[in-house]
Ligand code: SF4
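Residue numbers (the numbering used here): 5 to 886.
Now the structure itself:
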């Protein structure tokens with residue numbers, strides 16, 4: 005039995021399996037855990053062999069930094085398995101994907117990950133990797149960590165075993181290598197936000213340079229000769245302790261466990277490492293020839309000098325002394341942050357242990373004493389209660405709690421893997437103090453949040469749609485159906501989407517959606533594990549839904565299927581029927597969202613369709629239409645602010661819109677925190693849609709739900725490809741005028757004149773500017789039409805998948821592909837935040853739009869429709885290309 009098989013069979017550690025491998029929810033899956041460890045090796049490619057959800061939801065998701073030029077750690081690679089791949093097998097496709105990736109990015113090695121779907125259908129990735137290795141002439145390494153085998157911790161361990169089995173000990177440092185002087189390995193340090201760059205110079209100065217980093221800011225080569233180190237330094241995490249223990253057994257390299265967070269811990273770490281090096285049987289030069297100082301002396305010199313500097317800098321933060329913090333790091337690092345907080349004189353009034361190992365809990369107790377309040381229950385409700393009861397000044401936690409803090413008005417500091425500020429080392433402690441201080445100061449201010457024409461050619465140019473989707477998708481644009489469905493259900497009040505699959509899907513989807521909307525979102529999982537996959541899991545869906553119904557009383561539960569549950573053939577519609585019989589209080593719908601088929605727009609429309617299908621039947625002839633009431637089915641391409649604008653436009657004509665879904669709920673106006681959605685359209689209001697006079701559809705992807713209303717209740721509809729731009733908004737106004745029998749209100753006449761004026765001002769900048777648009781089809785139609793009116797030359801539109809809307813995009817060339825497929829010379833790239841690097845490579849500015857947008861502020865409060873929204877967009881783009 006290999007080490008990996010042993011882990012899968014016995015858990016992370018055979019004698020303390022429940023403690024180390026326990027998964028009590030709120031964390032991602034083994035696949036994600038393996039990626040966290042391996043992806044920072046920045047000159048290697050990481051191919052995810054599975055459906056789009058795994059890579060689409062996670063790439064570029066961690067704050068790991070690297071100086072390695074290739075920067076492959078910021079790219080996503082996936083085979084994006086579809087239904088045909090599942091039916092006929094996709095080992096050949098995977099082989100071609102590896103070969104294409106090797107040609108495209110010239111990686112030093114390629115890691116290939118099995119995920120839930122490829123794992124379930126039994127793809128033999130080991131043999132494909134062997135074949136690919138022979139063809140490519142580089143190492144191609146299988147990583148067998150499908151999400152259903154366990155949580156993130158287990159995935160970390162599996163990745164460690166992969167390094168031991170395939171990488172460590174396979175190379176030797178070259179004599180010319182700058183690494184040759186290195187004597188220690190850093191294990192379990194991922195260089196989040198540049199943490200390691202605060203620490204590495206200290207080691208060098210103290211005469212203990214680093215040989216190999218596992219794996220932040222590392223190269224593949226340096227890990228191959230990690231077995232030549234004199235000492236392994238395991239950084240404040242037990243995730244890779246298996247690597248250190250095995251290297252001790254195989255190569256006789258001792259190890260120490262340290263933390264670099266906080267003054268106390270850094271000094272302790274430096275001393276411990278020096279001590280251990282002096283004790284080691286390897287010959288460490290004990291005295292520096294030039295300075296005559298021993299290793300220990302040099303370490304003391306570094307510590308003394310840095311502590312003086314630190315004390316000087318921390319004088320600015322002396323006001324933090326005596327303050328109180330609630331801490332929940334969401335991982336195994338709690339004890340090290342406890343120490344850092346104590347260094348700043350901050351008292352820890354409660355610390356979450358939900359995902360901490362047994363050893364971490366022991367360390368926390370050792371620092372805080374037996375009286376310490378260690379809490380298992382880190383639900384938002386409990387954290388909120390603790391903050392209030394303990395009169396805490398700050399919540400120090402993972403990024404997912406940011407929006408709990410923002411909603412409740414608590415000062416907050418993010419200490420997790422998505423953070424952008426380095427907290428390790430002496431400089432890191434100053435950063436930490438600064439962040440705490442800034443947040444406390446911000447929330448202590450009394451900024452109380454109260455209360456609960458021109459140029460358009462207008463004709464479709466000659467174009468050709470090419471489907472460039474090949475065996476490999478590099479830097480995917482695509483998002484899964486589940487993402488779309490989960491977003492749609494956020495626009496219904498007191499709703500809860502539950503993904504029926506392994507826990508990674510919902511965790512990663514939640515992180516991504518939250519990152520985009522900067523709002524807490526409602527999303528749960530049925531958390532399938534290996535035994536559920538083998539034995540059947542319909543009961544899991546029923547059990548999880550019932551628990552939520554009893555505790556949270558949602559008005560609507562949407563059970564979304566995943567690639568895993570669809571492939572294993574769960575009878576979810578049967579489970580939903582069963583649930584409906586058992587529960588009369590909550591409405592329950594089933595949304596089929598296999599992530600190997602279709603994309604975000606389809607999933608969003610599927611969810612709306614399922615909601616409309618659930619409207620009670622009205623006996624024939626009994627539906628009396630309500631004068632002036634119109635249904636509005638608006639697509640996923642609109643921002644939350646657009647939904648408010650849309651309502652305002654319609655109401656200005658005296659019409660009564662019923663908007664499904666109503667994503668204005670995500671515009672930041674909600675107060676408080678809840679595991680179910682809040683705001684948006686109510687379930688009772690949805691029932692009234694059967695009595696509306698007409699349906700207006702915004703975005704072609706929403707036509708199918710409109711057909712449901714037509715077929716069931718005889719409600720006619722009109723589809724607007726876009727309600728942006730002069731032409732699109734004019735047409736929309738005319739429609740509203742006709743429906744209401746009123747003329748266009750004067751405020752819109754005025755807005756129109758301002759837009760026309762703005763278009764004239766800006767059109768000088770647009771003339772023949774070469775633009776590439778890479779977003780979902782409905783948004784691509786909307787943006788390309790505005791650019792066409794402005795006289796820009798949309799040379800290329802890239803869409804993640806084909807739909808009817810693709811035919812309406814105003815572009816010379818259209819390809820179904822990914823960000824990596826963008827080639828050419830452009831003056832502007834319009835795409836989501838993932839495209840930052842693509843824009844840099846093209847040498848063009850990036851206008852961020854679509855999903856996800858998380859690298860700029862204010863996207864969700866931006867209006868993109870109507871005369872006003874169009875003008876905003878025109879000016880913003882002009883300012884970029886001027
Ligand atoms: S749990 Fe979801 S994200 Fe994780 S491997 Fe499975 S399908 Fe992929």
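Where a beta carbon is used, it is the ideal one built from N, C-alpha and C, also for glycine.
Computed from a predicted structure; not experimentally measured.
- Taking one beta carbon from each stretch, the segment 572 to 581 and the segment 695 to 707 have fewer than 3 pairs nearer than 8 Å; the two do not touch.
- In the three-state reduction of the DSSP assignment, residue 698 falls in the strand class.
- Annotation: the continuous alpha helix (DSSP H) that includes residue 534 extends over 534 to 539.
- Per DSSP, residue 722 is one residue of the beta strand (DSSP E) stretching across 721 to 724.
- Distance from the CA atom of residue 46 to the CA atom of residue 824, rounded to whole angstroms, is 17 Å.
- Of the candidates 797, 783 and 832, the residue whose Cα lies closest to the Cα of residue 856 is 783.
- The beta carbon of residue 315 sits no closer than 6 Å to any heavy atom of the ligand SF4.
- Taking the CA atoms as reference points, residue 384 sits about 41 Å from residue 658.
- Contact check between the segment 208 to 216 and the segment 259 to 268: fewer than three CB pairs, one atom from each, fall below 8 Å, which does not count as touching.
- For residue 119, the shortest C-beta to heavy atom distance toward the ligand SF4 is below 6 Å.
- In this structure, the C-beta of residue 508 approaches the ligand SF4 to less than 6 Å from one of its heavy atoms.
- Excluding five sequence positions before and after residue 434, the CB atoms of its chain that fall closer than 6 Å to its own CB belong to 317, given in chain order.
- A straight line joining the alpha-carbon of residue 33 with that of residue 51 spans about 17 Å.
- Assigned with DSSP and collapsed to three states, residue 839 falls in helix.
- Taking 7 Å as the cut-off, the beta carbon of residue 341 is found closer than this to the beta carbon of residue 265.
- Distance from residue 38 to residue 163 at the Cβ level is roughly 4 Å; contact confirmed, criterion being Cβ atoms closer than 8 Å.
- Checking the 6 Å criterion, the Cβ of residue 533 is out of range of every heavy atom belonging to the ligand SF4.
- Distances taken from the Cβ of residue 35 to the heavy atoms of the ligand SF4 include one shorter than 6 Å.
- For residue 709, the enclosing alpha helix (DSSP H) stretches over residues 707 to 717.
- The three-state reading of DSSP puts residue 422 in coil, since its state is none of H, G, I, E or B.
- About 12 Å separates the Cβ atoms of residue 656 and residue 753, ruling out a contact at the 8 Å cut-off.
- If you look at residue 399, you'll find it in the beta strand (DSSP E) that goes 398 to 401.
- DSSP places residue 572 in the coil class of the three-state scheme, outside both helix and strand.
- A check of alpha carbon separations from residue 93 across 123, 111, 878 and 73 identifies 123 as the nearest.
- If you look at residue 321, you'll find it isn't in any alpha helix (DSSP H); DSSP assigns it neither H nor E.
- Residue pairing by DSSP places residue 33 opposite 155 in a beta bridge.
- Per the C-alpha coordinates, the member of 682, 169, 650 and 678 positioned closest to residue 870 is 650.
- A contact is defined here as three or more CB-CB pairs under 8 Å, and the segment 521 to 531 meets this definition with respect to the segment 666 to 680.
- Residue 503 has its alpha-carbon roughly 13 Å from the corresponding atom of residue 541.
- Around the beta carbon of residue 631, a 10 Å sphere encloses fewer than 16 other beta carbons of the protein chains shown; the residue is thus reported as exposed.
- By a beta-carbon distance limit of 8 Å, residue 40 contacts residue 66. Their separation comes to about 6 Å.
- For a cut-off of 8 Å, the C-beta gap from residue 508 to residue 84 is around 17 Å, too long to register as a contact.
- Comparing alpha carbon positions, the residue from 417, 138, 127 and 53 closest to residue 115 is 53.
- When rounded, the separation of the alpha-carbon atoms in residue 344 and residue 205 is 20 Å.
- Beta-carbon to beta-carbon, residue 795 and residue 878 are separated by about 11 Å, too far to satisfy the 8 Å threshold.
- Not one heavy atom of the ligand SF4 falls within 6 Å of the beta-carbon of residue 133.
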